[in-house]
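Protein sequences, first through last, are from chains R and Y. Under the UniProt record's numbering, residues 1 to 567 are what the first sequence spells out, in order. Under the UniProt record's numbering, residues 1 to 567 are what the second sequence spells out, in order. In this text, a Cβ means the ideal position worked out from N, Cα and C, and glycines have one as well. Note that the structure is predicted; figures quoted are calculated from it, not measured.
There are 2 protein chains.
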Amino acid sequence: MAHESQDTISIGDYLLERLSQIGVQSLFGVPGDFNLACDLVEDHPNIDWIGNCNELNAAYAADGYARVKHGSIGAVLTTFGVGELSAINGIAGAFSEHVPVVHIVGVPSTEQQTDKPMLHHTLGDGRYDAYLKAAQQVTWSQGAIFSTNTAASEIDRVLTDCITSARPVYLTLPTDRVFTKIPRGKLDTPLLPHPPKNDPDTEEFALNEIQTLVEQAGSEVVILVDACTIRHDVTEEVWELIQRTGFPVYSAPMGKTAVPEDFERYGGIYVGSLSHPEIKEKVENAKLVLSIGGLRSDFNTGNFTYRTSRATTVELHSDHTRVRYALYPGLGMKQLLPKLTHRLHPLNSPASAASVPPFRAILPKTGEDPLGEEVISHLYFWPRISQFVRPEDVVVTETGTSSFGALEMPLPAKTIYVSQILWGSIGWATGATLGAALAARERGLKGRTLLFTGEGSLQLTVQEFSTAMRHGLTPILFILNNRGYTIERHLHGMDRKYNDVVNWKWTQLLDSYTVHTKSELDALLKDESFANATGIQLVEVVMDKYDAPVPLLRQTELSGQTNHYAA
Amino acid sequence: MAHESQDTISIGDYLLERLSQIGVQSLFGVPGDFNLACDLVEDHPNIDWIGNCNELNAAYAADGYARVKHGSIGAVLTTFGVGELSAINGIAGAFSEHVPVVHIVGVPSTEQQTDKPMLHHTLGDGRYDAYLKAAQQVTWSQGAIFSTNTAASEIDRVLTDCITSARPVYLTLPTDRVFTKIPRGKLDTPLLPHPPKNDPDTEEFALNEIQTLVEQAGSEVVILVDACTIRHDVTEEVWELIQRTGFPVYSAPMGKTAVPEDFERYGGIYVGSLSHPEIKEKVENAKLVLSIGGLRSDFNTGNFTYRTSRATTVELHSDHTRVRYALYPGLGMKQLLPKLTHRLHPLNSPASAASVPPFRAILPKTGEDPLGEEVISHLYFWPRISQFVRPEDVVVTETGTSSFGALEMPLPAKTIYVSQILWGSIGWATGATLGAALAARERGLKGRTLLFTGEGSLQLTVQEFSTAMRHGLTPILFILNNRGYTIERHLHGMDRKYNDVVNWKWTQLLDSYTVHTKSELDALLKDESFANATGIQLVEVVMDKYDAPVPLLRQTELSGQTNHYAA
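Encoded structure:
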């Protein structure tokens, strides 16, 4: 082993080895002339080159991959200037939503970076640092391979930042460094997340404070889980907490499936004024809310309509804690949570016996659906899909209608729910589905990957279905087609004929179905050959043009005006 | 009129009026929730909302539009964060290639920009200036509508910068300012380019220097026109110069069609070592090269293989002049050129009588084509297309094979040639074709819009054909399909089956033709119903997998190795 550590490895292969060590098996991207690393990827035994249709789709796919491949990261490789800038919206989304992705950019040689000739893919004015400056805005840290001596430590630094921060990082790899040999010794030491240690005295003090508040609140404690529970890897710690305390637990939209939705102490989605009235009452009347991994964006809070008070809230975050009004910087939940569970579980609080309204899919009974017994209403669709979803399925919803609809769709245990509620980039879900399906296959999940998107969102990134086909993936793609009109209004000036054409083409390409009625949808979902998803399948779901999911209708009622996200 | 000047107009409409005044009739983009200006566009009598499939395509289209709509600019409207970042690669390309485009971004209200809530499309950390900082890297100037008092002057400032610099600019428009009324008085004064004035003494000095050099060079003067001749609007001044002096004139690839290619004193394309040997000899042996609007990027100079010396070169640029080794900052060619023509035309230099090899399309004679009489070789294709092109056609070539091939394709007078040789972003040409075709229609050009691209490039932005169809445009789309293999090698790891699928789909959608042989291609090009382009048409041109255009083959011969841009 000592001898082996003295061996050398090319810088490009060192990077791939590090990616492989942290679980990366699929590398997304588009080749380019400064991207010599592609050759190494092809030869790598553990990493597949995915080869996307374009760079934005590749970044979306890397994001979707990271969300499903827990404990690993997404990786995307693009070329200097043209490629990396095409991907930047996808990278920014990963930053916004706390998704660990490494963006590797093949750049001109170190000599060219010094001499700055007017190469293609440059801005023509010698500014070779312009793209880095753009990347600094949307990535957690940035690294540049330049000196051979520091290459390994630079790679290790940015990848450690990536897994520690759960945010995207940026790394440039010059053409003349890809094949340069360096010692491989560092590879013997695996990379690990490197969060700062909690200060013991501060931690003890905060735990006392929290314990006191819980005791004072008695039976009226609720736990609210959110995005960063998943993104900062505390789902197991939270599961331990809620099982051992028995406190009622609710989820914000971005925390959906952080807690198994069929868990007896789980009450459903809290989203401010858009919540079910019963959930709203339970959460907002609690004497204490233990908020875990909260990300209080507009769409994640019913447009900032939380009626919880800081006076009755404890917030646990990845890098700080807040107990009522007091802030504890640097006190992270990963280390705090097990100690909190240890403190709270013996309390035998009456909260553990408080009733929790079950979160179950409820199909409208005959006569209950305002749209009648035939039309596939949102009122029917989401609960019906809820019954269709199996454990270990991955469910991807596009921003807008589908992510609102999903709030009415309880999911079985071990389902992974993926959406982009804060960043909200339309077209994201199509690319993310590719990455999610690859990660699910690599994890050996027994379920299927289900995409819910709209005809309007589809056109932004539609070509990426072909990549899924090429890699033998078998997602089921539900395209919600509200007869063209709603999306058209949303997209201003798009006429129906065009939408028809687009729909026709993609339904021609794939094994596809169009369902117009509840009974057609029901029959399709019951069909085992469909449900087992042995090939890629597209389902066009024809819906009423004015219909919208219940949380959107609720928002419309509340605000007295049409919400333009209803599209 | 005095009364009318006192009238008010909404800020959004003020912006649209300014765009309309400078000739914008098509506004590209994708709507978003912060993009209230879309409503105003729909109501505007002179500006059409194009409604692209995604933002990158929209930016490419705006770029293509600006290149064809001489004297006007391209305009693209996107939404905060997600939309603008998706477009940024297209904007950067416009910067690199000196194309005037205004990128208008609908952003949150001024109150939200001050309070910085965690809105969707934000990075979640309150940095509302992150996207501006990214835009600063790739735009000439940036403006933000904030105060009502300064809105008009801010709009005027960035648009004046756009038309003066021939570069993209960035303008944010908050939701709460779109409908705010301001005085419309400023609209009575049209916006004009505002280049700095040349210093008269410096100009006189430089003109003397140039005149002396021309006199000394006698019969061995050549003019070399390049990109910025077109982009900085001196084609008329140059036309005057070359007509009145009769000096032989050549063009760099990026200057193609700056001078009519059937002009008797025009000798073709000079691209360093990739040039025809006769052209190379004429240019490199000249005693003086008058270089106009040069942009000496790698692909524009045969990978920096100019064998011309600074000692025998005069360079005229938009914002500086260089006479041999001496730099004259601030001395711009727009004002200098007419005076130079005035100085030089009476010289009656022997250069005016020097022979110029004609630049003509030469089809391989029977037995001359190494690939035989049947296969559609590059040796045959480009000269044959040359015969097909008509005056007032717009010819768009994708980076790579097609833009190399176009060097072997003389074009008739009044043809507009559009390519992206410096920035070189694959997929650009498809989006640019949409914009180019719209601009051509608005200009009333009698020709057609012809796209030359490859099957690999096509997949990046293919959905934008649907926008062209929706707007009743009738481009002819030549898809060079070298049997899948070359592009696959270029794109690493793409298997043939997938490419077949993509091709099949798009040929199904459009009125389409596949040609396998020279005679099939020839018959199609001779077919008047095809050539008159009354509907959108797609031609799949099946070519040999190892074939490449002559300039690429020449480069391979020179360098003794396969150039990977051959794909």
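Chain R has a Cβ within less than 8 Å of the Cβ of His121 of chain Y. When only Cα atoms are considered, Ala59 of chain Y and Tyr417 of chain Y end up about 19 Å apart. In terms of beta-carbon proximity, Lys256 of chain R stays away from the interface with chain Y, with every pair separated by 8 Å or more.
Interface residue (Cβ-Cβ distance to chain R less than 8 Å): Pro117 of chain Y is classified as such.
Taking 8 Å as the Cβ-Cβ cut-off, the segment 422 to 436 of chain Y approaches chain R at Leu422, Trp423, Gly424, Ser425, Ile426 and Gly427, given in chain order. When only Cα atoms are considered, Ala66 of chain Y and Pro100 of chain Y end up about 6 Å apart. Under the three-pair Cβ rule at 8 Å, the segment 84 to 93 of chain Y counts as touching the segment 74 to 90 of chain R. In terms of beta-carbon proximity, Lys133 of chain Y lines the interface with chain R, with at least one pair separated by less than 8 Å. The criterion of a C-beta distance shorter than 8 Å is not satisfied by Ala361 of chain Y and Ser377 of chain Y.
In this structure, Arg177 of chain R lies away from Thr8 of chain R, with their beta-carbon atoms at least 8 Å apart. Using a CB distance cut-off of 8 Å, Leu510 of chain R does not count as an interface residue toward chain Y. Around the CB of Ser519 of chain Y, fewer than 16 other CB atoms lie within 10 Å, so the residue is classed as exposed. Where Tyr250 of chain Y is concerned, the enclosing beta strand (DSSP E) starts and stops at Val249 to Ser251.
Taking 8 Å as the upper bound for CB-CB distance, Thr180 of chain Y and Ser20 of chain Y are not in contact here, some 19 Å apart. At least 8 Å separates the CB of Arg231 of chain R from every CB of chain Y. Any Cβ of chain Y closer than 8 Å to the Cβ of Leu85 of chain R would place that residue at the interface, and such an atom is present.
With its beta carbon at least 8 Å from every one in chain R, Gly332 of chain Y lies outside the interface.
At a beta-carbon threshold of 9 Å, none of the residues of chain R lie near Ala406 of chain Y; the nearest stands roughly 16 Å away. Exclusion of the five residues before and after Glu284 of chain Y leaves Arg307 and Thr308 as the residues of its chain whose Cβ lies within less than 7 Å of its Cβ. Within its own chain, the residues whose Cβ lies closer than 8 Å to the Cβ of Gly330 of chain R, once the five positions on either side in sequence are excluded, are Pro196, Asn198, Asp199, Thr202, Asp319 and His320, listed in chain order. Judged by DSSP secondary structure, Lys339 of chain R falls within the alpha helix (DSSP H) whose first and last residues are Met333 to Leu344. For Lys181 of chain R, the uninterrupted beta strand (DSSP E) segment begins and ends at Lys181 to Pro183.
Annotation for Asn481 of chain Y: the continuous beta strand (DSSP E) segment containing it runs Ile476 to Asn481.
Note on Leu327 of chain R: under 16 other CB atoms within 10 angstroms of its CB, so exposed under the neighbour-count rule. Identification of chain Y residues near Arg296 of chain R by a Cβ-Cβ cut-off of 7 Å yields Met118, ordered along the chain. Per the C-alpha coordinates, the member of R:Lys545, R:Phe530 and R:Asp544 positioned closest to Leu538 of chain R is R:Phe530. In this structure, Ser251 of chain Y places its C-beta atom within 8 Å of the C-beta atom of Val259 of chain Y. The beta-carbon separation of Ala437 of chain R and Leu473 of chain R, rounded to 4 Å, stays under the 8 Å limit for a contact.
By the rule that beta-carbons nearer than 8 Å mark a contact, Phe95 of chain Y touches chain R.
Shown here for Trp382 of chain R: same chain residues with a beta carbon closer than 6 Å to its own, the five before and five after excluded, namely Gly405, Glu408 and Met409 in chain order. Taking 8 Å as the cut-off, the Cβ atoms of Gly64 of chain R and Gly435 of chain R count as close. Our two residues, Phe359 of chain Y and Ser291 of chain Y, have alpha carbons roughly 19 Å apart in a direct line.
Assignment of Asp125 of chain Y by DSSP, reduced to helix, strand and coil, places it in the coil class. Taking a Cβ-Cβ cut-off of 8 Å, Cys228 of chain R has no neighbours in chain Y, whose nearest Cβ is about 10 Å from it.
Its Cα nearest to that of Glu97 of chain R, the residue R:Ala166 stands out among R:Ala166, R:Thr449 and R:Thr114. Proximity of chain Y to Phe299 of chain R at the Cβ level (cut-off 8 Å) is accounted for by His120, in chain order.
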